[in-house]
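If you're matching them up, the sequences are chains U and Y in order. Going by the numbering used here, the first residue of the first sequence is number 6, and it counts up by one from there. Going by the numbering used here, the first residue of the second sequence is number 6, and it counts up by one from there. Note that the Cβ used here is the ideal one computed from N, Cα and C, for glycine as well.
2 protein chains.
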Amino acid sequence: MIAQVMEVNEILEQTLLFDFYGELLTEHQKEIYGRLITEDLSLGEIAGEAGISRQGVHDLIKRCNQTLRGYEEKLHLVERFLAVKEKVERIDRLLDDYNEENAGELIRSIRRISGEIIEEL
Amino acid sequence: MIAQVMEVNEILEQTLLFDFYGELLTEHQKEIYGRLITEDLSLGEIAGEAGISRQGVHDLIKRCNQTLRGYEEKLHLVERFLAVKEKVERIDRLLDDYNEENAGELIRSIRRISGEIIEEL
């Protein structure tokens, strides 16, 4: 169960990193790594279709993970985006609770959060 | 006047690019380019303090501009951030217009915008 959660987290992390920094990989890396993320294929299947060894795919993915994580360690842009997203989602949830009585308080809360977002961006 | 506006825009562009991708420059580039942006110094002053020629500073800045713009052309992360920021500012302006009569409509507008932001992030 923990292994599964970790796997899901790793795929989510890889997807985010690829979405943000994927264009900094080589064409070949983008092709292989992109397939790993967007298609539900095993390493063996990707290797077969790309005409390289399973070990080759494994090494390439490992290297891409290192490269992409390296960019995030330097730039923290995924982190910044996720922080903004979390706040916008908080605004969205506040709107769910809207009624005529709490409108004023709600508007104040949203304003505080939107101000925080603007400061961070 | 147009020249002034362009200069302000270029400094704004450089500041944004440096904020997002500056950590991908070398330490030396970061030092010089960072001073250009954060301190109101001439090329000659920066050169004097860094112990390099004015032409050297000029070339370094030109190369950094190319490098940073190259990252933005590939990743478009400044563009993405600015689009989100513009929308959050729209939410902020809508909140300015809040009164008891228009509350329902206002909440709907904010919800539409926050939904758009979440989709983009």
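- For the pair Y:E105 and U:A108, the CB atoms are nearer than the 9 Å cut-off.
- Interface annotation for the region 84-102 of chain Y against chain U: F86, V89, K90, V93, E94, I96, D97, L100, criterion Cβ-Cβ distance under 7 Å.
- Contact residues of the region 32-53 of chain U toward chain Y are absent (C-beta to C-beta distance below 7 Å).
- Within the same chain, Cβ atoms closer than 8 Å to the Cβ of U:L100 are found at L111, I115, the five residues on either side in sequence being excluded.
- When only Cα atoms are considered, U:G39 and Y:G53 end up about 48 Å apart.
- Chain U has no Cβ within less than 9 Å of the Cβ of Y:R74.
- Taking a C-beta distance under 9 Å as the contact criterion, U:L126 and U:V83 do not qualify as a contact pair.
- At a cut-off of 9 Å between beta-carbon atoms, Y:L22 makes no contact with chain U.
- Looking at the backbone, the Cα of U:E32 and that of U:F25 are separated by about 15 Å.
- Under the 8 Å Cβ criterion, the region 65-85 of chain U counts as touching the region 15-25 of chain U, having at least three qualifying pairs.
- Not one beta carbon of chain U lies nearer than 9 Å to the beta carbon of Y:E15.
- Counting only runs that start and end inside the region 33-89 of chain U, the alpha helix (DSSP H) elements of at least 4 residues fall at 48-55, 59-80.
- Y:G27 is classed as buried because its beta carbon has at least 16 other beta carbons within 10 Å across all chains shown.
- Among the residues of chain U, none has a CB under 7 Å from the CB of Y:L30; the nearest is roughly 10 Å distant.
- In the structure shown, Y:Y103 falls within a coil segment according to DSSP collapsed to helix, strand and coil.
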